[in-house]
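The next block holds one structure in the form of structure tokens; read it before the comments.
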Amino acid sequence: MNGLQDCAALHNGVKMPWVGLGVYKVKEGEEVRSAVRTALEIGYRHVDTAAFYENEEGVGQAIRESGIPREQVFVTTKVWNTDQGYETTLKAFDRSLKKLGFDYVDLYLVHWPVKGKYKETYRALEKLYKDGYVRAIGVSNFHIHHLQDVLADCEIKPMVNQVEYHPRLTQKELHAFCQENGIQLEAWSPLMRGEILSEPTIVDIGRKYGKTPAQVVLRWDLQHGVVTIPKSVTPARIKENADIFDFSLTDEEMKQIDALNLNKRVGPDPDNFNF
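Following the UniProt record's numbering from start to finish, the sequence shown increments by one per residue and tops out at 275.
Structure follows, in structure tokens:
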């Protein structure tokens, strides 16, 4: 891996850049447009949004204004919980596509495993995929048992599972299960909303390489084969988060970071959420 254009190959052959810009809680309008524009100028080619973030319009606009050909930018969006179900998902996708102002989306995800609904929702994603509106489909916040439930009778295996993943929540069993089934793991909140950045182990490793704690953690993601989408609206931080291709962590350092796991979440547990 030597740069922002480097990609993971999904099981259907679609290429997904290893590093993307997350835009959760980034305000619609100038704030999101400016963050996406900055990221694209730096060389990012992957932006992760969702219907729930209410900023799809700004994301689409910034990509169009960038002058970068649409097919060179990998765009993810997600169906929100209140829209889950077969017909309602198809309608929700239509709304997202209109807001983005595109003809297709690169990756469409089921945002959370809503009980009794996520399989129907996923079936709608399969239809969108077969009809050519999305290049890849997947899920988000799915535990192993949710994935098993989908795999039991889906026609098209999920290509991605985007989950909370950071050194305090290494999700080893889930990661192994995804690898066995050809599902690409992707990390949201890779920096644990900043909580992990003062961890002495990570600070020390960073010092050795002249890298920030954030850069060390994002490098750790990549070396574990996990796609990562750090979120920032600060140009300097967006640039810093991308500057992770000129050093490598040793096996020993990887193990030291792995050992920080506490199975600790900053977000809700996918088995117990109520939104």
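Heads up, the beta-carbon is just placed ideally off N, CA and C, and yes, glycines get one too.
The residues W80, in chain order, have a CB closer than 6 Å to that of F52 in the same chain once the five nearest residues on each side in sequence are set aside.
Assigned with DSSP and collapsed to three states, T228 falls in strand. The three-state secondary structure of V32, taken from DSSP, is helix. Note on E87: under 16 other CB atoms within 10 angstroms of its CB, so exposed under the neighbour-count rule. In the DSSP assignment, F142 falls outside any alpha helix (DSSP H), carrying neither H nor E.
Nearest Cα to K25 within the set E54, W188, V114: E54. For N12, the number of other beta carbons within 10 angstroms of its own is below 16, and it is reported as exposed. Between the region 195-207 and the region 221-233, the count of Cβ pairs shorter than 8 Å is below three; the stretches do not touch. Straight through space, the alpha carbons of A259 and P167 are spaced by roughly 8 Å.
When the beta-carbon positions are compared, M16 and F74 come within less than 8 Å of each other. Linking A124 to E253 through their CA atoms gives a straight-line distance of about 42 Å. In the DSSP assignment, K15 falls within the unbroken beta strand (DSSP E) covering 15-17. By the criterion of a C-beta distance shorter than 6 Å, A136 is surrounded in its chain by L10, V14, L107, M159, once the five residues flanking it on both sides are discounted. About 18 Å separates the Cβ atoms of E71 and S96, ruling out a contact at the 8 Å cut-off. Judged by beta-carbon spacing, I144 lies within the 8 Å limit of L174, meaning their Cβ atoms are closer than that value. The beta-bridge partner set that DSSP reports for N161 consists of V139, L185. Assignment of beta-bridge partners to D269 by DSSP yields N272. Around the beta-carbon of R33, 16 or more other beta-carbon atoms lie within 10 Å, marking it buried.
When DSSP states are grouped into helix, strand and coil, D48 belongs to the strand group.
For the 8 Å CB-CB criterion, Y129 and V110 do not form a contact.
Counted as a single uninterrupted DSSP element, the beta strand (DSSP E) harbouring L107 occupies residues 105-110.
For T201, no beta strand (DSSP E) segment is defined; the enclosing uninterrupted segment is the alpha helix (DSSP H) at 200-209. Following the DSSP letters along the chain, one finds C7 inside the beta strand (DSSP E) bounded by residues 7-9. In the structure shown, T76 adopts extended strand secondary structure according to DSSP, grouped into three states.
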